[in-house]
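Chain order of the listed sequences is A and B.
Each residue of the first sequence is one higher than the last, beginning at 28 in the numbering used here.
Each residue of the second sequence is one higher than the last, beginning at 1098 in the numbering used here.
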Amino acid sequence: MIPVSLSGGVEPGARTGTSVNGRLVVLWRGQDGRARAWADRCPHRGMRLSFGFVRENTLTCIYHGWSFGDAPAGSSAENRAAGAPCLTVPAHPTLAPPAKAAAALLPVTEALGMIWVGDGPADNQRPATAPGQPQVYPVRSVSVNAPAAALRAAFESTLPPGADDVQSADPPQPGIVTFKGPAGLVIVAVQDRGDGAASAHIVSTDADVAARKALCQWAALVRDHLAAVVLP
Amino acid sequence: MILYDNALDADAYPVRLLLSALGLQCERVTIDSSPLALRGHGPRGPVLEDGEARVVGAAAVLAHVAARHAPQWRPASPGPGDAWLATLTSPRFAPRQARLQALFTEAGAPPGLVEEAAHRLQEMDDHLTLGEFDGQRWFAGDGPTIVDLAAFGPVALSNDYGVEHDPFPALRRWIARVRGLPGFAPMPGVPQFY
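Written out as structure tokens, the structure reads:
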């Protein structure tokens, strides 16, 4: 799975578009606190669902107001696999929405203080976290118009303030860079957005606000240096 | 009080937001304030008649309304709010230029200008990101000010010139805050439902 946001980047009731290897995704959080990730396409007319709005635990398309949500409790496995069903069609309030009108689901989970989304419906491999994973605190996300590999390399070559080492992740993970410093770990998880764009989501095991603020500025610096190299 | 403006004019949007937040009764007269109609001449942006006062331009109208009717909406001055306000209400502010060129010229906004506009949004996101560590949830100070209102349009309307909010998490959180202010009013391109 691919990291797409810090957990706090999508608050309850919020939605945003994002992309995973070029696949457009709508990422949203219901009032129940659970994050969802769907294909960013309304099954009705193809409108981007990320332009829509969250009410309670449903996402409504801005175009014709079709609302989508979780499959009702007790639905068959077949119905669940069909996707997030349409619950209401405002233009035909008495009509039972067609079963085919379902938003395509993507696997989603939260780990390391981040939201992770499957790179396709079949990719549900959670990021491996070591047992007894320490509590992490948010730093920030940065985005840049540069390939994911370049963003990862930029972070690897620039030690954060206070850190003395790049630590290989245990177990090793391709998209994650971990720095070891006196006050704990800094974890940078890289999101390949596709089309030569990437984001990095950064957390720290150090709760200290001043330290995380310094990391925040470091991350912006890495981003700006890379952008200056990549842009003509 | 009479406000001469145009529903599509983003320069006048912070003024409409402030009047609406304050619940001030105001007569609206629609004028054609598009760059095409003005051809670079004539009054720029909204005009407010408030009693004997006649104020021209978004920055001046905002300052006037805040000074006369809503001191709590003024940022601490001197302070960082001054510089933000000057930047955000400048006619040369890249997000403003990009939107005008995207909407009102045949060629649309040139890529370089869109890139610069995205960079300005990035600076705003960086500012809010750092502020959140200190519990600051607004552009200048502990509460919402006219700086937030002046910033809202260029950010919320960025889809008009093809820049999305996906890379700016702090801006997204702040948009939800501004939308939650009492009297929040949408405009074309800023849907009521969010």
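Note that beta-carbon positions come from the ideal geometry of N, C-alpha and C, so glycine has one too.
In this structure the region 210 to 219 of chain A does not lie against the region 124 to 138 of chain A, because fewer than three pairs of beta carbons, one per stretch, are closer than 8 angstroms.
Residues of chain B whose Cβ lies closer than 9 angstroms to the Cβ of GLU38 (chain A) are, in chain order, ARG1269, ARG1270, ALA1273.
In this structure, HIS91 (chain A) sits away from ALA66 (chain A), with a CB-CB distance that is not shorter than 8 angstroms. With respect to the 8 angstroms criterion, GLY1178 (chain B) and VAL1244 (chain B) are classified as neighbours on the basis of their beta carbons. When the alpha-carbon of GLU1220 (chain B) is set against those of B:PRO1241, B:THR1184, B:ALA1273, the nearest one is in B:THR1184. ALA41 (chain A) belongs to the set of residues whose beta carbon lies under 8 angstroms from a beta carbon in chain B. At a cut-off of 8 angstroms between beta carbons, CYS243 (chain A) contacts chain B. Taking the C-beta atoms as reference points, VAL213 (chain A) is found nearer than 8 angstroms to SER231 (chain A). Secondary structure at VAL1244 (chain B): helix, using DSSP grouped into helix, strand and coil.
HIS1262 (chain B) carries a coil assignment under DSSP once its states are collapsed to helix, strand and coil.
Within chain B, the residues whose beta carbon sits less than 7 angstroms from that of ALA247 (chain A) are ASP1223, listed in sequence order.
By the CB criterion at 8 angstroms, ALA1156 (chain B) and LEU1182 (chain B) fall inside the cutoff. At a cut-off of 8 angstroms between C-beta atoms, THR205 (chain A) does not count as an interface residue with respect to chain B. The C-beta of ASP1257 (chain B) comes no closer than 8 angstroms to any C-beta of chain A. Within chain A, no C-beta atom comes less than 9 angstroms from the C-beta of ASP1239 (chain B); the nearest is roughly 17 angstroms away.
For GLU1124 (chain B), the secondary structure class from DSSP, reduced to helix, strand or coil, is strand. Using a Cβ-Cβ distance cut-off of 8 angstroms, the region 1100 to 1107 of chain B and the region 1225 to 1242 of chain B are not in contact, since fewer than three pairs of beta carbons, one from each stretch, lie closer than that value.
Assignment of MET28 (chain A) by DSSP, reduced to helix, strand and coil, places it in the coil class. Near chain B, meaning a CB-to-CB distance below 9 angstroms, the residues of the region 155 to 183 of chain A are ARG167, SER168, VAL169, SER170, VAL171, ASN172.
ARG1196 (chain B) and LEU1246 (chain B) have their C-alpha atoms roughly 17 angstroms apart. Within the region 75 to 93 of chain A, contact with chain B at the beta-carbon level (separation under 7 angstroms) is assigned to PHE80, ILE89.
For the pair ILE1128 (chain B) and ARG72 (chain A), the Cα-to-Cα distance works out to about 36 angstroms.
Per the coordinates, the alpha-carbon of LEU1159 (chain B) lies some 26 angstroms from the alpha-carbon of TYR1291 (chain B). Using a CB distance cut-off of 8 angstroms, HIS1161 (chain B) does not count as an interface residue toward chain A.
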